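Chains as they are written, first to last, in full-length UniProt numbering: chain A, 1 to 136; chain B, 1 to 230.
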């Protein structure tokens with residue numbers, strides 16, 4: 001599914017009790033869809049499409065937000081949380097920590113919706129779980 | 001060096017700055033061209049393989065025909081010997097020797113074809129493996145590139161939006177607050193619904209003259225009279 005098509009379909013779609021708002025961004029020659037689940041615009045999901053896969057990324061926090069001396073411990077925790085966390089994995093992009101999920105480009109709206117809802121819930125749970133490592 | 005290792009080195013070395021490509025676009029184009037060349041070579045090899053395999057089958061068939069011919073002439077020779085036609089038998093034997101010579105030549109050709117087929121199959125397998133491997137690596141490079149570009153797009157959006165300034169902790173607090181608000185709203189709505197259910201039940205009970213609210217004007221008057229009479 002193309003991203004603009006996904007954007008239109010998501011706006012009329014509700015799944016697992018969640019609603020979606022999405023914004024199409026295309027200012028650097030790379031199409032990105034910003035999806036907000038249940039009005040949680042603090043943790044938007046960014047969806048990009050490559051030839052092989054659809055990537056859903058949610059940025060969690062920057063490196064600078066980690067409490068001093070807690071980097072290693074946090075990284076260790078994230079690696080341990082990686083497997084139990086359904087469908088998503090932790091990642092680092094530039095200086096930002098993120099969680100992401102990857103899907104086949106042949107995924108259906110239902111599959112994409114499920115991924116986005118799960119990623120959104122995971123991102124909130126993950127922040128909650130590791131907030132002790134973060135500064136205000 | 002594998003692409004993943006290159007990416008790793010690049011990330012370690014801090015090359016992964018926004019806007020700076022890990023693998024330059026030209027390298028990607030060259031890589032794509034290499035994959036296309038390998039695919040062309042592969043289809044060429046496959047075409048050769050079918051040709052050689054066809055020749056292999058033809059030669060096998062020719063050998064089979066020669067074997068049949070040899071067997072047939074052996075029967076003729078036996079028959080000639082049975083009839084004491086010594087010189088004819090010798091002539092037939094000569095023919096058999098000729099056929100066998102031809103068969104051994106064909107056998108050599110067949111061996112060459114079979115060896116060629118095995119070699120081509122191995123080459124095709126190798127080429128297919130290389131192509132799949134290169135495509136996988138190319139996909140890594142392209143994904144990295146897309147994510148980089150997407151990050152740039154996202155950064156542009158975030159710095160212009162209000163979510164830019166909030167720390168993760170503040171964001172989490174806001175989300176939790178929103179979730180709590182929503183839960184409170186749901187609870188309130190539920191409470192309201194419950195109350196109105198209660199109310200309609202009371203209404204029905206009153207109509208039926210059941211329950212505490214069932215007192216009617218007549219009863220009240222009777223009570224007041226009773227007080228007066230005291």
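Every residue, glycine too, gets a C-beta built ideally from N, C-alpha and C. Please read these numbers as outputs of a predicted model, since none were measured by experiment.
With residue 77 of chain A as the anchor, note down where its alpha helix (DSSP H) starts and where it stops. The residue you call residue 77 of chain A lines up with position 77 of the first chain. 71–82 is the span of the alpha helix (DSSP H), which, as asked, contains residue 77 of chain A.
Please state if the CB of residue 134 of chain A and the CB of residue 169 of chain B are separated by a distance shorter than 7 angstroms. Position 169 of the second chain, counted from the first residue, corresponds to residue 169 of chain B. Position 134 of the first chain, counted from the first residue, corresponds to residue 134 of chain A. Cβ distance < 7 angstroms, so residue 169 of chain B and residue 134 of chain A count as in contact.
What in chain C is Cβ-close to residue 219 of chain B, meaning under 7 angstroms? Among the protein chains of the structure shown, namely A and B, there is no chain C.
So, at 8 angstroms on beta carbons, what are the nonlocal neighbours of residue 6 of chain A in its own chain, with the 5 sequence-adjacent residues on each side left out? Looking up residue 6 of chain A in the first chain gives position 6. So the list reads 22, 33, 47, 109, 112, once near-sequence residues are dropped.
Between the stretch 145–159 of chain B and the stretch 100–109 of chain B, can you find at least three pairs of beta-carbon atoms closer than 8 angstroms? Output reads no: the stretch 145–159 of chain B does not touch the stretch 100–109 of chain B.
Residue 100 of chain A bridges to which residues according to DSSP? Taking the first residue of the first chain as position 1, residue 100 of chain A is located at position 100. Paired residues: A:57, A:89.
Give every residue of the same chain whose Cβ lies closer than 8 angstroms to the Cβ of residue 93 of chain A, excluding the five residues on either side of it in the sequence, and list them in chain order. Residue 93 of chain A sits at position 93 when you count from the first residue of the first chain. Sequence-distant Cβ neighbours of residue 93 of chain A in its own chain, meaning closer than 8 angstroms and more than five residues away, are 57, 59.
With distances taken Cα to Cα, identify the nearest neighbour of residue 179 of chain B among A:39, A:20, A:29. Translated into the one-based positions of the second chain, residue 179 of chain B becomes position 179. When C-alpha distances from residue 179 of chain B are compared across A:39, A:20, A:29, the shortest belongs to A:39.
Could you tell me whether the stretch 71–88 of chain A touches the stretch 123–131 of chain A, using the rule of 3 or more Cβ pairs below 8 angstroms? Contact between the stretch 71–88 of chain A and the stretch 123–131 of chain A is present, with at least three C-beta pairs closer than 8 angstroms.
Which partner residues does residue 134 of chain A have in the DSSP bridge list? For the purposes of this step, residue 134 of chain A is taken as residue 134 along the first chain, with counting starting at 1. According to DSSP, residue 134 of chain A bridges with A:66.
Supposed close pair residue 124 of chain B, residue 45 of chain B - CB separation, criterion 8 angstroms: Within the second chain, the letter at position 124 stands for residue 124 of chain B. Within the second chain, the letter at position 45 stands for residue 45 of chain B. Sure, about 5 angstroms apart at Cβ, within 8 angstroms.
Beta-carbon proximity check, residue 138 of chain B vs residue 31 of chain B, cutoff 7 angstroms: As a first step, residue 138 of chain B must be located in the second chain, where it is residue number 138. As a first step, residue 31 of chain B must be located in the second chain, where it is residue number 31. The answer is yes: Cβ separation under 7 angstroms.
Cβ of residue 152 of chain B less than 7 angstroms from any chain A Cβ? The sequence position of residue 152 of chain B within the second chain is 152, counting from 1. Judged by the 7 angstroms Cβ criterion, residue 152 of chain B is in contact with chain A.
Indicate whether at least one CB of chain A lies closer than 7 angstroms to the CB of residue 138 of chain B. If you number the second chain from 1, residue 138 of chain B lands on position 138. For residue 138 of chain B, the answer is no, since every Cβ of chain A falls outside 7 angstroms of its Cβ.
Segment limits, alpha helix (DSSP H) that includes residue 33 of chain A: The residue labelled residue 33 of chain A in the question sits at position 33 within the first chain. Looking at the DSSP string, residue 33 of chain A is not in any alpha helix (DSSP H); the run it does join, the beta strand (DSSP E), is 32–37.
Listed by chain order, chain B residues near residue 61 of chain A by CB distance under 9 angstroms: Sequence index remark: in the first chain, residue 61 of chain A carries index 61 (1-based). Those are 167, 168, 169, 171, listed as they occur along chain B.
List the residues of chain B whose Cβ lies closer than 8 angstroms to the Cβ of residue 134 of chain A, in chain order. If you number the first chain from 1, residue 134 of chain A lands on position 134. Per Cβ cutoff of 8 angstroms: 167, 168, 169.
Can you pull the DSSP bridge partners for residue 21 of chain A? Against the first chain, residue 21 of chain A aligns to sequence position 21. Beta-bridge pairing by DSSP links residue 21 of chain A to A:36.
Take the Cβ of residue 190 of chain B as the centre, count every other Cβ of all protein chains shown within 10 Å, and call the residue buried at 16 or more, exposed below. On the second chain, residue 190 of chain B is found 190 positions in, with the first residue counted as 1. Classification of residue 190 of chain B: exposed, given that the 10 Å Cβ count is below 16.
Among the residues of its own chain, which have a CB less than 7 angstroms from the CB of residue 37 of chain A, if the five just before and after it don't count? For this step, residue 37 of chain A is matched to residue 37 along the first chain. Result list for residue 37 of chain A: 18, 20, 45, 116, 117, 120, in chain order.
Assigned exposure category for residue 175 of chain B - 16 Cβ within 10 Å defines buried: In the second chain, residue 175 of chain B corresponds to position 175, counting from 1. Buried.
Report the rounded CA-to-CA distance for residue 64 of chain A versus residue 2 of chain A, giving the unit in angstroms. The sequence position of residue 64 of chain A within the first chain is 64, counting from 1. The sequence position of residue 2 of chain A within the first chain is 2, counting from 1. Each residue's alpha carbon lies about 35 angstroms from the other.
Interface flag, residue 19 of chain B vs chain A, CB-CB below 7 angstroms: Position 19 of the second chain, counted from the start, is the residue given in the question as residue 19 of chain B. With a pLDDT of 44 at residue 19 of chain B, under the threshold of 50, the modelled position of this residue cannot be trusted; read the value that follows with caution. No - not a single Cβ of chain A is within 7 angstroms of the one on residue 19 of chain B.
Nonlocal neighbours in the same chain, by C-beta distance under 8 angstroms from residue 51 of chain A, ignoring five residues either side: Reading the first chain from its first residue, position 51 is the one you call residue 51 of chain A. So the qualifying residues of the chain are 105.
Cβ of residue 30 of chain A less than 7 angstroms from any chain B Cβ? As a working note, residue 30 of chain A is residue 30 in the first chain. With 7 angstroms as the cut-off, residue 30 of chain A counts as an interface residue toward chain B.
Given that residue 46 of chain A touches chain B, what residues does it touch there, using C-beta distances under 9 angstroms? The count along the first chain starts at 1 and reaches residue 46 of chain A at position 46. Residues of chain B passing the Cβ test: 150, 151, 153, 154, 157.
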